[in-house]
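Reading through the structure tokens given below for one structure.
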Amino acid sequence: MTFTEPDMLQDFSSVTLREARPSVVATERLTLRRPTLADVRTIARLANDRRVAENTRRLPHPYSQEDAVEFVRATAELGSETVFLIEHDSGPIGMVGIDCSTPDNAELGYWLGVEHWGQGFATEAARGAIDFFFEEFEDDHLYAGARVTNPSSRKVLEKCGFQWNGVQLHRFLALGSSTPVDCFRLSRGVWSSLKSWSSARRMR
2 MTFTEPDMLQ DFSSVTLREA RPSVVATERL TLRRPTLADV RTIARLANDR RVAENTRRLP
62 HPYSQEDAVE FVRATAELGS ETVFLIEHDS GPIGMVGIDC STPDNAELGY WLGVEHWGQG
122 FATEAARGAI DFFFEEFEDD HLYAGARVTN PSSRKVLEKC GFQWNGVQLH RFLALGSSTP
182 VDCFRLSRGV WSSLKSWSSA RRMR
């Protein structure tokens, strides 16, 4: 999963209280919750923008309501991926998730609708998902990536404690080709030392 978003960077808190596999994570301004079929129309509208798709490995373009239905149904199944819809002021603005399909190589991904870029939401949502991951799973590292042409997303990852780990070629569905991606890694130790970004709460 590689999701990226241009962002005006700010400091936000998002440490969560422990609960077993919560369905909702709350940060200072955002709610991260599981997507439902009621969200399909909004997800499709937000995702159906080439600027979003070209920075997101697995989003097709154009992106239809049928694509959104398939996506929501897939997330409802028990599997190796944890996906949250990002909600602000009771309205969906994007997605964030952790893909654990490859052992010891869990990957953070996110995307936001274009109208929600530049407001610090990517950093805040990413921190909420990162806290969820390290509190609920035993992995020692979390990985992420950003297209080399998207320095703002790189800054989001760096503000979350990720450290640059090289460049790889990754295929992007909307591009129909592979493109260079800056790869990043966040260790549990670094995450723990950055818990001063604290104060989100975890709810069911």
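Add 1 to the 1-based position in the sequence shown for our numbering, that's all there is to it.
C-beta: ideal position from N, C-alpha, C; glycine also.
- Secondary structure of residue 140 (DSSP, three-state): coil.
- For residue 177, there is no enclosing beta strand (DSSP E), since its DSSP letter is neither H nor E.
- Per DSSP, residue 64 has no beta bridge partner at all.
- The residue among 120, 122, 24, 49 with its C-alpha nearest the C-alpha of residue 76 is 24.
- If the five residues before and after residue 149 are omitted, its C-beta is found closer than 6 Å to the C-beta atoms of 181, 183, all from its own chain and listed in chain order.
- For the pair residue 171 and residue 122, the Cα-to-Cα distance works out to about 25 Å.
- Separation of residue 192 and residue 53 (C-alpha to C-alpha, rounded to the nearest whole angstrom) is 28 Å.
- In the DSSP assignment, residue 190 falls within the unbroken alpha helix (DSSP H) covering 189-194.
- Boundaries of the beta strand (DSSP E) harbouring residue 93: 92-100, taken from the DSSP string.
- Secondary-structure assignment with DSSP links residue 169 through a beta bridge to 182.
- Burial state of residue 160 is buried, judged by a 10 Å Cβ sphere holding 16 or more other Cβ atoms.
- For residue 175 against residue 158, the beta-carbon gap comes to about 21 Å, at or over 8 Å, which does not count as contact.
- Going by DSSP, residue 159 is part of the alpha helix (DSSP H) stretching over 152-160.
- Here residue 103 carries a coil assignment [DSSP, helix/strand/coil].
- Shown here, residue 149 sits in coil according to DSSP, grouped into three states, outside any helix or strand.
- Each residue's CA atom was taken as its position, placing residue 179 and residue 173 some 6 Å apart.
- The alpha-carbon of residue 112 is positioned some 10 Å away from that of residue 127.
- Distance check between residue 47 and each of 29, 35, 195, 62 places 62 closest, using alpha-carbon atoms only.
- Between residue 125 and residue 105, the alpha-carbon positions lie close to 24 Å from each other.
- The Cβ atoms of residue 33 and residue 85 sit closer than 8 Å to each other.
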